[in-house]
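Below is one structure, written out as structure tokens, with a few remarks after it.
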Amino acid sequence: MRMKLAVAISSALLLSACVTRTINSDGSVQSTVIDKNKLSDTYIDLAIEYQQHSAPQVALERANLAVSTKDDNPKAYMIRAMIYQQLGQYDKAEQDFKKALWLDSKYSEDNVNYAVFLCDQKRYSEAMYNFNQALDNPLYFTPEIGYYSRGNCYAKQDSFESANRDYLAALNYKSPPQDTYVALSRLQFNHQNYQLANYYLNRYNSSQTPETMWLHIQILQAMIDQGVSSAKYREYNSYRKTLGQLLIKNYGDTKEAQQYLLQYDASGAPLPSRKKALPEASSAVLPNNAAQSVTLFESPSEAVKTGSHKANTSANDTSAVIVVKSEPVVNQASVAAPNAVPATASNNTNAAVSAAGVSSLSNASGSSSGVSQSGSRRSIIVNSGDTLYSISRKYSVPVATLQKINNIGPRGILIGMKLYLDPQ
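Numbering (this note's numbering), first residue to last: 246 to 669.
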């Protein structure tokens with residue numbers, strides 16, 4: 246019995262190892278046992294390294310060695326699939342993605358990479374199935390990458406709300422992909438929410454690329470086009486010019502540098518032909534808890550910071566849609582203090598929400614409500630475009646006081662409601 250057990254163990258070891266024999270100078274033979282698992286993983290690491298250094302053909306050779314060394318290693322097939330994808334050999338890529346999942350049906354990393362591949366092929370329903378398979382696996386080691394990748398896929402489908410939700414979900418983890426901040430910034434920029442776009446891009450801590458520099462230039466210019474105070478104009482304009490100079494100096498042959506040169510002269514001033522941002526209307530979709538929280542702060546920046554960390558990843562949650570409208574300013578450089586940016590929001594109950602947290606506010610000249618006097622108490626009727634913040638600035642009443650004396654809950658103020666400015 247012991248002899249049979251020993252033979253069985255020896256056979257199992259031989260399956261995961263190979264033996265090489267070397268003849269020494271004295272004629273003796275030296276045998277070396279090589280672990281197939283470690284050798285295959287070594288080839289995988291080399292394949293990844295070559296792929297990251299833009300040598301896909303060499304990477305493919307190493308991936309082939311990883312597969313031939315141990316043909317039941319799912320990671321080897323996944324890495325080779327990604328190399329095939331990079332080389333445009335999509336049939337072979339899909340075959341290897343499926344082979345990896347056949348070897349390990351719970352291989353969530355392969356689910357995600359296969360889903361990214363499917364999303365690039367515009368096979369969105371199949372992509373979402375694989376994303377969900379990965380994110381529903383409690384043993385998936387890097388769900389932040391899964392949420393970020395699924396957010397990208399939603400963004401490709403112009404599903405703004407779902408993309409925003411997944412990006413925020415990725416940020417809930419300790420080490421989210423830094424590109425999540427860039428993706429969120431681009432998402433908000435494309436929906437003309439320039440303050441939020443600038444906020445997220447400022448949190449990006451990785452190396453600057455031509456893409457991030459050009460995005461930041463566009464965001465800064467859009468905020469200038471909307472109208473800012475003199476101090477903010479100088480700050481944004483100076484930073485925009487600095488980024489432009491660095492873009493041309495370090496990445497002069499890129500398409501981003503070309504776009505910059507088409508819109509700005511040698512001094513960094515915008516060319517007359519440059520198309521300005523059109524801040525007529527935009528939509529920022531945030532989870533309900535984040536959208537509702539923006540009325541609870543006197544500082545817009547505090548509301549933005551808090552709302553960005555309250556992602557709710559439940560698929561059954563509803564979201565509030567915040568519509569931000571801004572007044573364009575003819576001469577940005579001469580603006581001392583811009584009008585408040587009116588903001589309203591609606592959810593399933595069509596309630597209007599004060600959204601100071603997602604707009605750039607400097608004074609309250611935009612509020613046009615008339616004041617009524619009843620005894621010692623003043624009151625106004627909330628008009629379209631009024632926010633708690635703008636009313637607070639105009640009548641010198643803290644937001645917290647307005648909320649307290651009017652029993653304002655998290656849904657904010659409603660158009661047409663009577664708002665008291667003084668306590669009883």
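The C-beta atom is built at its ideal place from N, Cα and C for all residues, glycine as well.
Item: Delimiting residues of the alpha helix (DSSP H) encompassing arginine 623; Value: Unbroken run through arginine 623 is the beta strand (DSSP E), 622 to 626; no alpha helix (DSSP H).
Item: Inter-residue CB distance, proline 319 and alanine 345 (contact presumed, cutoff 8 angstroms); Value: 4 angstroms
Item: Simplified DSSP state of glutamine 618, which is helix, strand or coil; Value: strand
Item: Beta-carbon proximity of leucine 446 to threonine 457, cut-off 8 angstroms; Value: yes
Item: Nearest-angstrom Cα separation, counted from serine 420 out to proline 515; Value: 38 angstroms
Item: Between the CA atoms of arginine 623 and glutamine 648 - distance to the nearest angstrom; Value: 15 angstroms
Item: Rounded straight-line distance, which links the Cα of isoleucine 293 to that of glycine 497; Value: 29 angstroms
Item: Backbone CA spacing between glycine 611 and isoleucine 658 [nearest angstrom]; Value: With a pLDDT of 36 at glycine 611, under the threshold of 50, the modelled position of this residue cannot be trusted, and the question is left open.
Item: Bounding residues of the beta strand (DSSP E) (the contiguous stretch that carries leucine 664); Value: 663 to 665
Item: Distance between leucine 664 and glutamine 402 (C-alpha atoms, nearest Å); Value: 42 angstroms
Item: Span separating the alpha-carbon of tryptophan 347 from that of arginine 448; Value: 40 angstroms
Item: Backbone secondary structure at tyrosine 496 - three-state DSSP; Value: coil
Item: Close-in-space but distant-in-sequence residues of the same chain around leucine 666 (CB under 6 angstroms, 5 per side omitted); Value: Arg623, Tyr640, Val642
Item: DSSP three-state assignment for proline 455, whether helix, strand or coil; Value: helix
Item: Three-way DSSP call (helix, strand, coil) for aspartate 280 in this model; Value: strand
Item: Opposing strand residues paired with proline 517 [DSSP bridges]; Value: Proline 517 is not bridged to any residue.
Item: Tyrosine 352, DSSP secondary structure in three states; Value: coil
Item: 4 or more residues per run - each alpha helix (DSSP H) lying fully within the segment 309 to 337; Value: 319 to 331
Item: DSSP state of tyrosine 484 mapped onto helix, strand, coil; Value: helix
Item: Backbone CA spacing between lysine 477 and aspartate 510 [nearest angstrom]; Value: 22 angstroms
Item: Three-way DSSP call (helix, strand, coil) for tyrosine 374 in this model; Value: helix
Item: Nearest-angstrom Cα separation, counted from asparagine 397 out to asparagine 443; Value: 19 angstroms
Item: Bridge partners - tyrosine 393, DSSP secondary structure assignment; Value: None; tyrosine 393 has no bridge partner.
Item: With 16 other Cβ atoms within 10 Å as the buried cut-off, status of leucine 465; Value: buried
Item: Spatial distance of lysine 337 from arginine 519 (CA atoms); Value: 45 angstroms
Item: Euclidean distance between Cα positions of alanine 304 and leucine 310; Value: 10 angstroms
Item: Counted within 10 angstroms of its Cβ, other Cβ atoms place glutamine 669 as buried (16 or more) or exposed; Value: exposed
Item: Secondary structure of tyrosine 505, DSSP reduced to three states; Value: helix
Item: Limits of the alpha helix (DSSP H) - the one that glutamine 648 falls within; Value: 644 to 650
Item: Cα-Cα separation between alanine 379 and phenylalanine 342, rounded to whole angstroms; Value: 14 angstroms
Item: Given isoleucine 636 as reference, the closest of Asp286, Gln433, Gly620, Val616 once Cα atoms are compared; Value: Val616
Item: Under the three-state DSSP convention, the category lysine 343 falls into; Value: helix
Item: Whether leucine 413 touches arginine 431 by CB criterion (8 angstroms); Value: no
Item: Contact belief for isoleucine 493 with asparagine 482 at Cβ below 8 angstroms, rounded distance in angstroms; Value: Not quite, the Cβ-Cβ distance comes to about 17 angstroms (not below 8 angstroms), so this is no contact.
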